[in-house]
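Structure first, commentary second.
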Amino acid sequence: MTDVMVDVRGVHKSYGQLEVLRGVDLQVRTGEVTVILGPSGSGKSTLLRSINHLEKVNRGWISIDGELIGYRRSGNRLHELKEREVLRQRTHIGYVFQNFNLFPHLTVLENLIEAPVHALRRPRREAVAAAERLLARVGLADRAASYPRQLSGGQQQRVAIARALALEPKVLLFDEPTSALDPELVGEVLDVIKDLARSGTTMIVVTHEIGFAREVADTVVFMDDGVVVEQGPPSAVLDEPRHERTRAFLSKVL
Ligand code: ADP
Ligand code: MG
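First residue of the sequence shown? That's 1 in full-length UniProt numbering, and the numbers climb one at a time after it.
What follows is the structure, given as structure tokens:
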């Protein structure tokens, strides 16, 4: 294991004429939690999607645990990986979406064992045992046989987190995991993420929950207009921001 788990270097990404990421550098150390803040449209989701190689970057590179994502280096050339190899890389990257994205036609338990059984070819019995442990961990041991529509949004998101953990990822990416939830359900999801943070899970969390950032983040990153404007410990970025753009953003969300 390398000390830097996620390494983003000089990443540029455009959609047609629109340059959404304009040279992003970001290092996330193993076992640390990075919270990304920034206004809507600043490129936060595009960055997460690029880390997962759901978007192909135009310039720069991204590595996880020392392995380039989407490419193989040979000499000083980069060769694109085949789809199958990209899928293998993605099994090491957990991704939790704003809208849960559970499989609606599968039970909670089936949602959790789907990838371990089909992508990783784990024996079903092992996958079920692991899924039951994970459901207990997110407080949903009694909901294994439920379908997603029978659960609250907060419960669905906790299932989505358990499902991401079922692949034993090297890093977990969260894209506004609580912004689709009713306010009274936000806490139960943040509590699960806090528990993961305490146990040393490497995470990148895009959120507008400043209190959560203050409590859980090792590093807070403020993005605006496709660049990292500033980053540092929560006390520095949240209480003594050095840049006017960070101050302006915080004055709106605090
Ligand atoms: P954030 O998550 O910070 O709100 P996004 O990464 O979603 O920002 O989007 C950044 C910019 O890129 C926005 O202007 C958005 O409209 C644009 N964008 C995102 N995805 C696409 C896409 N697939 N095609 C074209 N433009 C996109
Ligand atoms: Mg977004």
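C-beta: ideal position from N, C-alpha, C; glycine also.
Does the beta-carbon of residue 240, which I'm using as the reference point, lie nearer than 7 Å to any heavy atom of the ligand MG? no
Rounded separation between residue 144 and residue 107 - CA only: 7 Å
I need the boundaries of the alpha helix (DSSP H) containing residue 118, first residue and last residue. Per DSSP, residue 118 belongs to the alpha helix (DSSP H) from 108–118.
Residue nearest to residue 130 in terms of C-alpha spacing, selected from 140, 112, 139: Selected option, being the one with the closest Cα: 112.
For residue 18, does the count of other Cβ atoms within 10 angstroms reach 16, so buried, or fall short, so exposed? By the neighbour-count rule (16 or more Cβ atoms within 10 Å), residue 18 is not buried but exposed.
Residue span of the beta strand (DSSP E) that contains residue 59, given as start and end: 59–64
Nearest-angstrom Cα distance between residue 163 and residue 97? 12 Å
Evaluate the contact criterion for the region 61–69 versus the region 115–128: three or more CB pairs, one atom per stretch, below 8 Å. Output reads no: the region 115–128 does not touch the region 61–69.
Mind listing, in chain order, the residues whose beta carbon lies closer than 5 Å to a non-hydrogen atom of the ligand ADP? 15, 20, 40, 41, 42, 43, 44, 45, 46
Terminal residues of the alpha helix (DSSP H) in which residue 174 lies: Looking at the DSSP string, residue 174 is not in any alpha helix (DSSP H); the run it does join, the beta strand (DSSP E), is 171–175.
Could you name each continuous beta strand (DSSP E) segment of 3 residues or more that falls completely within the region 190–217, going from the start of the chain to the end? If only uninterrupted beta strand (DSSP E) runs of at least 3 residues are considered, those enclosed by the region 190–217 are 203–206.
Provide the residue(s) that pair with residue 6 in DSSP beta bridges, ordered along the chain. For residue 6, DSSP records a beta bridge to 28, 64.
Just to confirm the assignment, what range does the beta strand (DSSP E) spanning residue 242 have? Residue 242 -> no beta strand (DSSP E), and no H or E assigned at all.
Does the distance from the CB of residue 221 to the CB of residue 34 come in under 8 Å? yes
Taking 8 Å as the cut-off, decide whether the C-beta atoms of residue 153 and residue 181 are in contact. In this structure, residue 181 lies closer than 8 Å to residue 153 by Cβ.
Please report the residue range of the beta strand (DSSP E) in which residue 237 lies. Segment: none, residue 237 is in no beta strand (DSSP E) and carries neither H nor E.
Does DSSP put residue 96 in a helix, a strand or coil? strand
Does the beta-carbon of residue 225, which I'm using as the reference point, lie nearer than 7 Å to any heavy atom of the ligand MG? no
Should residue 176 be listed as close to the ligand MG, given that the test is whether its C-beta is under 7 Å from any heavy atom? yes
Can you tell me whether residue 186 is helix, strand or coil according to DSSP? helix
Taking its Cβ as the centre, do 16 or more other Cβ atoms sit within 10 Å of residue 56, making it buried, or is it exposed? exposed
Residue 90 versus 119, 80, 236, residue with shortest Cα-Cα distance: Comparing Cα-Cα distances from residue 90 to each of 119, 80, 236, the minimum goes to 119.
First and last residue of the uninterrupted beta strand (DSSP E) at residue 121: Neither: residue 121 is in no beta strand (DSSP E) and is coded neither H nor E.
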